[in-house]
Amino acid sequence: MGECRRLGSVLFILLLLVACASGEDPYRFYNWNVTYGDIYPLGVKQRGILINGQFPGPQIEAVTNDNLIVGVFNSLDEPFLISWNGVQQRRNSWQDGVYGTNCAIPPGQNFTYVLQVKDQIGSYFYFPSFAFHKAAGGYGGFKIASRSVIPVPFPPPAGDFTILAGDWYKRNHTDLRAILDSGSDLPFPDGLIINGRGSNAYTFTVDQGKTYRFRISNVGLTTSINFRIEGHKMLLVEVEGTHALQNTYSSLDIHLGQTYSVLVTADQPAKDYYIVVSTRFTSQVLTATSILHYSNSASAVSGTPPGGPTTQIDWSIEQARSLRRNLTASGPRPNPQGSYHYGLINTTRTIRLENSAPVINGKQRYAINSVSFIPADTPLKLADYFKIPGVFSLGSIPDNPTGGGGYLQTSVMAADFRGYAEIVFENPQDTLQSYHIDGHNFFVVGMDGGKWSAASRLNYNLRDTISRCTVQVYPNSWTAVYMPLDNVGMWNMRSENWARQYLGQQFYLRVYSPANSWRDEYPIPSNALRCGRAVGH
């Protein structure tokens, strides 16, 4: 282990010397040791996944275009991978950190991720993507600040807080994984946690009269949450890398995998207030609280935490439609966000994706367009690069719902670089869905109840809708997005419900350029791990 770390240190020094000599964008270095450790999120001792002894793990802080060198040593007794939820990896799906693109890091070995947060700002998180490790922790915050020369559409806040909230189980991840492997679905969660802790175990201290930024992510496994702060309004300023129209909200629905950034002014009498998360669209409502503590507080929290919205789908869908891009604000570049007229671009392809819950071979599975994804013995990106036959086939998932029963397949959809896709997520089930697409942002042009049809396009927002990387689809409803296929690579499109993802509700989108140019995609990294049929290549 010591030798691996010495080699990693040498690599970091060499990269730093190259960066300084060539005048590249700044480099930031992280050295992580991933271990098991005792955690007590809900008051019960569990074996959690720690990064440098921490749960949640260390926060990554970067500035637009920074190069990040993240050395990860796997001290677990099983393979491990980290992925970057919403950090796009421009031209570089080699660093995506999911099994379709990377071999998992073997026990006792290390891997160095080389990332560049090219042309990105905003709030994200990282998480373990392999072997249901997400249920054991191993996640952390990831924020990307604007460059100093780019104006930000609000004054600098007095402080910046990250909130990683979501559902949690008292059982270890290996027990939960065994439930899924046996062909059953997960039980209802045991509770909610905020930054790795249960109710009232975490405090955010503020000074009266000052304004603070809160970056809130739903890092849970199975449920949407609602977020609110007793007695305080929230000014929405950013959604997954997009400066938002600054609407004021009393509470926000945050679905699996999503992140919102809000400004909160400590303008109330000096005392302590509840910060509350609660489950949404569940028959039983789970709640967890933290404390907003005024530094000159005269009293502790008291009474009942404020309740969430009492109405269900209609209220939530109207809130979702209220999310808008700030057209005049600059994003990661100095040009206004509204200068990209997404609604005036002709789509080159329509892809309709319908989720289902088939039982296959006597076991519960989940599917998209009837295909329930099964991992191959070799990462798809490696198989594609080395032209290894028999690992996957393009077109193994159709562009439209089939209406047929479910079947198992390593599903990969072909896509052309610089195409412009209309993707319609169709949800005929009674449970809310949440979808994420690696390597891309998309424009959420429409959502509504019932069935989608060509006539639904008449009500699309083609001017100022939000751009993001994770979107919800309400029960018995549809959501439509426009997505520029502007990032070459093998990209994971998945359910953010981690039980559904694990049991097949995902596939890979192969965005292909025939040019074979470094302008379109970086070459395979020299340290890329080989596994499966790629061993020896």
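For what it's worth, numbering that gives the first Met the number 0 labels the leading residue of the sequence shown as 0, then goes sequentially. For glycine and all other residues, C-beta sits at the position ideal for the given N, C-alpha and C.
For M0, does the three-state DSSP call read helix, strand or coil?
-> In the sequence shown, the residue the question calls residue 0 occupies position 1. Because M0 carries a pLDDT of 46, less than 50, the predicted location of this residue cannot be relied on, and no value is offered for it.
Which two residues bound the contiguous alpha helix (DSSP H) that contains S74?
-> Here residue 74 refers to the residue found at position 75 of the sequence shown. Where S74 is concerned, there is no enclosing alpha helix (DSSP H), given that its DSSP letter is neither H nor E.
Three-state class that DSSP yields for D415 in the structure shown | Residue mapping note: residue 415 aligns to position 416 of the sequence shown, counting from 1. D415: strand per DSSP, three-state reduction.
For Q500, three-class secondary structure by DSSP | The residue given as residue 500 occupies position 501 in the sequence shown. Here Q500 sits in helix by DSSP.
Apart from the five residues on each side of it in sequence, which residues of its chain come closer than 7 Å, Cβ to Cβ, to L461?
-> The residue given as residue 461 occupies position 462 in the sequence shown. So the qualifying residues of the chain are G342, V444.
Which of helix, strand or coil does DSSP assign to S433?
-> Here the question's residue 433 lines up with position 434 in the sequence shown. S433: strand per DSSP, three-state reduction.
Distance, Cα to Cα, R532 vs G107?
-> Stepping through the sequence shown from its first residue, residue 532 is reached at position 533. Stepping through the sequence shown from its first residue, residue 107 is reached at position 108. Cα to Cα, the separation comes out at about 22 Å.
Reference V263, options R324, D189, T161, closest by Cα | The sequence position of residue 263 within the sequence shown is 264, counting from 1. V263 has its Cα closest to that of T161, out of R324, D189, T161.
Proximity to A479 [Cα-Cα], best of K270, C102, F424 = Against the sequence shown, residue 479 aligns to sequence position 480. Checked all of K270, C102, F424; the closest Cα to A479 is F424.
Rounded separation between G307 and P188 - CA only = Taking the sequence shown and counting its residues from 1, one reaches residue 307 at position 308. Taking the sequence shown and counting its residues from 1, one reaches residue 188 at position 189. Their backbone Cα atoms lie some 19 Å apart in a straight line.
Proximity to L407 [Cα-Cα], best of S369, V238, K209, D65 | Here the question's residue 407 lines up with position 408 in the sequence shown. Taking the Cα of L407 as reference, the smallest distance to any Cα among S369, V238, K209, D65 is reached at S369.
Does the distance from the CB of H242 to the CB of A328 come in under 8 Å?
-> Position 243 of the sequence shown holds residue 242. Position 329 of the sequence shown holds residue 328. Contact flag set, yes.
I think Y521 touches W167, with their Cβ atoms under 8 Å apart; what is that distance to the nearest whole Å?
-> For this step, residue 521 is matched to residue 522 along the sequence shown. For this step, residue 167 is matched to residue 168 along the sequence shown. No, Y521 and W167 are not in contact; Cβ-Cβ is about 37 Å, not under 8 Å.
Would you call the region 398 to 412 and the region 449 to 466 touching, i.e. three or more CB-CB distances under 8 Å?
-> no
Between the CA atoms of D184 and A498 - distance to the nearest angstrom = For the purposes of this step, residue 498 is identified with residue 499 of the sequence shown, where counting begins at 1. For the purposes of this step, residue 184 is identified with residue 185 of the sequence shown, where counting begins at 1. Going by the C-alpha atoms only, they are around 7 Å apart.
Work out the CA separation of I436 and F28 for me, nearest whole Å.
-> Within the sequence shown, numbered from 1, the residue matching residue 28 stands at position 29. Within the sequence shown, numbered from 1, the residue matching residue 436 stands at position 437. Going by the C-alpha atoms only, they are around 27 Å apart.
Should P394 go down as buried or exposed, given a rule of 16 or more other Cβ atoms within 10 Å for buried?
-> Looking up residue 394 in the sequence shown gives position 395. The question names Pro, yet the displayed sequence has Gly at residue 394. Exposed, since its Cβ has fewer than 16 Cβ neighbours within 10 Å.
In the DSSP assignment, what are the bridge partners of D166?
-> As a position in the sequence shown, residue 166 is number 167, starting the count at 1. Beta-bridge pairing links D166 to L191.
Straight-line gap, G503 to L179 (C-alpha atoms, nearest Å) | In the sequence shown, residue 503 corresponds to position 504, counting from 1. In the sequence shown, residue 179 corresponds to position 180, counting from 1. Each residue's alpha carbon lies about 11 Å from the other.
Within the same chain, show all residues whose beta-carbon is closer than 7 Å to that of R196, passing over the 5 residues directly before and after it, in chain order.
-> Looking up residue 196 in the sequence shown gives position 197. Around R196, the same chain offers P40 as residues with beta carbons nearer than 7 Å, after the five sequence neighbours per side are excluded.
D37 - partner residues in DSSP beta bridges | Against the sequence shown, residue 37 aligns to sequence position 38. Looking at the DSSP assignment, D37 forms a beta bridge with R46.
Spatial distance of S355 from I68 (CA atoms) = Here residue 355 corresponds to residue number 356 of the sequence shown, with the count starting at 1. Here residue 68 corresponds to residue number 69 of the sequence shown, with the count starting at 1. So the two alpha carbons sit approximately 39 Å from each other.
H172 beta carbon less than 8 Å from that of H555 | Residue numbering for the chain in the displayed model covers 0 to 536; residue 555 lies beyond these limits and cannot be assessed.
Would V43 pass as a contact of L75 if the rule is Cβ separation under 8 Å?
-> Within the sequence shown, residue 43 is the residue found at index 44, counting from 1. Within the sequence shown, residue 75 is the residue found at index 76, counting from 1. Judged by beta-carbon spacing, L75 lies beyond the 8 Å limit of V43, meaning their Cβ atoms are not closer than that value.
Taking the Cβ atom as the reference point for each residue, do H254 and S223 lie within a distance shorter than 8 Å?
-> In the sequence shown, the residue the question calls residue 254 occupies position 255. In the sequence shown, the residue the question calls residue 223 occupies position 224. The answer is yes: Cβ separation under 8 Å.
Exposure label - E77; buried when at least 16 CB within 10 Å | Mapped onto the sequence shown, residue 77 falls at position 78. The residue is exposed, with fewer than 16 neighbouring Cβ atoms inside 10 Å.
Report, in whole angstroms, the separation of the C-beta atoms of S198 and T288, which I expect to be a contact under 8 Å.
-> Along the sequence shown, read from residue 1 onward, the residue named residue 198 stands at position 199. Along the sequence shown, read from residue 1 onward, the residue named residue 288 stands at position 289. That belief holds up - the Cβ atoms of S198 and T288 are roughly 5 Å apart, short of 8 Å.
How many Å lie between T286 and F54 at the Cα?
-> The count along the sequence shown starts at 1 and reaches residue 286 at position 287. The count along the sequence shown starts at 1 and reaches residue 54 at position 55. A straight-line Cα-Cα distance of about 20 Å links T286 and F54.
Counting Cβ pairs closer than 8 Å, one from the region 296 to 305 and one from the region 315 to 323, do we hit at least three?
-> no
If you draw a straight line from the alpha carbon of W31 to that of F72, how long is it in whole angstroms?
-> For this step, residue 31 is matched to residue 32 along the sequence shown. For this step, residue 72 is matched to residue 73 along the sequence shown. When the Cα atoms are used, W31 and F72 turn out to be separated by approximately 6 Å.
My guess is that P127 and L80 are in contact by the Cβ rule of under 8 Å, so how many angstroms apart are they, rounded?
-> The residue given as residue 127 occupies position 128 in the sequence shown. The residue given as residue 80 occupies position 81 in the sequence shown. Yes, they are in contact, since the Cβ atoms of P127 and L80 sit about 7 Å apart, within 8 Å.
Output the distance between the C-alpha atoms of V390 and L251, rounded to the nearest integer angstrom.
-> Counting from one through the sequence shown, the residue named residue 390 turns up at place 391. Counting from one through the sequence shown, the residue named residue 251 turns up at place 252. Their Cα atoms are separated by approximately 42 Å.
Leaving out five residues before and five after Y112 in sequence, what residues of the same chain have Cβ atoms less than 6 Å from its Cβ?
-> On the sequence shown, position 113 is the one that residue 112 refers to. V69, Q94.
Any idea what DSSP makes of L10, helix, strand or coil?
-> Taking the sequence shown and counting its residues from 1, the one referred to as residue 10 is at position 11. Per-residue confidence for L10 stands at a pLDDT of 44, beneath the threshold of 50, marking its modelled position as unreliable; the derived number appears in the next sentence. Helix at L10.
Check Y339 in the structure and name its three-state DSSP category.
-> Your numbering for residue 339 matches position 340 in the sequence shown. In this structure, DSSP gives Y339 a state outside helix and strand, which the three-state scheme calls coil.
Neighbourhood of G337 by C-beta, 6 Å cutoff - its chain only, sequence neighbours within 5 removed | Residue 337 sits at position 338 when you count from the first residue of the sequence shown. Counting only Cβ-Cβ distances below 6 Å, and skipping sequence neighbours, we find L326.
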